[in-house]
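J.: Here's a structure for you.
Right, dumping it as structure tokens:
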């Protein structure tokens with residue numbers, strides 16, 4: 046029960062932060078990404094803050110074997126930059142640049158009843174489903190390990 050309460054509080058803090066920083070405002074995000082037009086650099090400060098907090102949190106997490114609530118910590122171990130990572134990053138960046146929405150703010154927009162956010166999240170879920178189908182197909186293919 047305490048894990049669910051902590052997860053709820055963490056989600057609320059995250060969502061409020063996205064709203065307060067205007068990361069859930071697609072027009073603000075697109076203005077940040079438009080470096081050749083009327084560029085708005087203010088979200089760079091939001092990103093610098095997020096990276097700083099994350100760096101500290103990951104540093105602490107690496108030294109611990111479990112969370113403060115007793116669950117195991119599962120951090121990524123791979124440092125390989127491969128085609129899959131690059132293509133995934135490219136797809137994320139293109140989607141973010143086209144819509145001005147990424148997954149976290151998309152969920153905030155759904156909660157606010159925003160139609161564009163809802164369309165984005167539905168499309169994201171469809172894309173995740175397609176990825177899962179392709180991954181299962183790739184894993185079951187005999188030559189999957191060669192790629």
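Residue numbers (my numbering): 46 to 192. Yeah, the Cβ is synthetic: ideal placement off N, Cα and C, and Gly gets one too.
Over what stretch of residues does the alpha helix (DSSP H) that includes residue 64 continue unbroken?
T.: 47-65
J.: Can you pull the DSSP bridge partners for residue 111?
T.: 117
J.: Under 8 Å, with one C-beta from each stretch per pair, do the stretch 135-147 and the stretch 64-84 reach the 3-pair mark?
T.: yes
J.: So for residue 72, helix, strand or coil by DSSP?
T.: Of the three classes helix, strand and coil, the one that applies to residue 72 here is helix, per DSSP.
J.: Closer than 8 Å is the cut-off here; do at least three beta carbon pairs connect the stretch 149-160 with the stretch 55-66?
T.: Under the three-pair Cβ rule at 8 Å, the stretch 149-160 counts as touching the stretch 55-66.
J.: Among 171, 52, 90, which residue has its Cα nearest to the Cα of residue 269?
T.: The shown model of the chain, from 46 to 192, leaves out residue 269, and the question about it has no answer.
J.: Using the C-alpha atoms, what's the distance from residue 130 back to residue 123?
T.: 11 Å
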